[in-house]
Amino acid sequence: GEGRNAATKEGAGDAVGTGGGKGGTATAAVETATSPGAIGATLNDDVAKISEALTTEFANVIRSSCSCVFAVGNMILLNPSLLGLSASAVPLVGAAAVAINKFVKKASARHREASAEASAFAEERISHVSAVKASCRESDEADEYERMQGAVRDLGRAVSLAKGGFMGFVFAASSGSLFAVFRAGSRAVAAGRMTQGELTSFATYTFLLGLGTSGIARAMGEMSQGMASAERVYALVDGHAGRDG
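With the numbering used here, the residue at position 160 of the sequence shown is 160, and numbering never jumps.
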């Protein structure tokens, strides 16, 4: 009867909604990945991420690389000895970029999975709303969906904080490098090895080098996430092609 069907559908829905457990991970992952809600989330989020990585971020890498080459070339012409001070922030920024991008990539993957799981949960409950009402679980399902959305929000907040922290670190490292350049450059001006105009130009190129380095690190991180999104989209397409074949 309807009560039995409700219990069966409710159990299937719980398998989708609580797919984080070890026992039903494989089944839940398959159901979540092939549900219309998860497919819609993948097409909306991952396809947009791929297009952005192939257009905007690729252009950002080229632009930032040109900025770095232009800045380094002019800094060598002005004062090669100060170039070491300006470039001292580059390894720090690179190491921070690797660490933070690794965290952001994992957190973004968990964020996407949680979002797809919540979409699949909502889609399954809506399609079987009569079974949910027959089981008198409207409040329980609403609370579970709210919990899922809270998890999605927390993961998104963690990703945003990591990206913001990285940009703050880049600004601090660039400011420290700029301060060191001004301190050493003022001594060079006092000794007559540089003019004030050359020091100002060198400081400008130092700031440009910092912007270029941070731009490359950020764009490469976004492109890495775009590649992960491409893998998910191709896995989805190949899975449907295999079933159709």
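The C-beta atom is built at its ideal place from N, Cα and C for all residues, glycine as well. Predicted model only: the values in this text are computed from it and were never measured.
For K49, same chain residues with a beta-carbon under 7 Å away, outside a window of 5 residues either side, are Q225, G226, S229 in chain order. Taken in chain order, the complete beta strand (DSSP E) segments of 3 or more residues contained in the segment 66-137 number zero; there are none.
For A48, the enclosing alpha helix (DSSP H) begins and ends at 47-52. Between V61 and M220 the beta-carbon gap is near 7 Å, inside 8 Å, which marks them as a contact.
Counting other Cβ atoms within 10 Å of its Cβ, E138 stays below 16 and is therefore classed as exposed.
Inter-segment contact for the segment 93-108 and the segment 159-166 is present: three or more beta-carbon pairs are separated by less than 8 Å.
Within the same chain, Cβ atoms closer than 6 Å to the Cβ of A151 are found at A114, the five residues on either side in sequence being excluded. Within the same chain, and ignoring the five residues on either side of A96 in sequence, the residues whose Cβ sits closer than 7 Å to its Cβ are F166, F169. When secondary structure is reduced to three states using DSSP, A191 falls in the coil class, being assigned neither helix nor strand.
When only Cα atoms are considered, I39 and T56 end up about 25 Å apart. A distance below 7 Å between beta-carbons, with the five flanking residues on each side excluded, links E141 to the following residues of its chain, in chain order: R125, V132.
When A217, F171, I216, T200 are compared, the shortest CA-CA separation from N79 is found for T200.
Less than 8 Å separates the beta-carbon of M223 from that of A53.
If you draw a 10 Å sphere on the C-beta of V181, you find 16 or more other C-beta atoms in it, and that means buried. When only Cα atoms are considered, A120 and M148 end up about 11 Å apart. Per the Cβ contact rule, the segment 200-209 is in contact with the segment 73-88 (3 or more Cβ pairs under 8 Å). Here H111 is near L155, since their CB atoms are less than 8 Å apart.
Taking the Cα positions, M194 is about 42 Å away from K102.
Measuring C-alpha to C-alpha distances from E123 to each of Y145, S135, G212, A134 identifies Y145 as the nearest.
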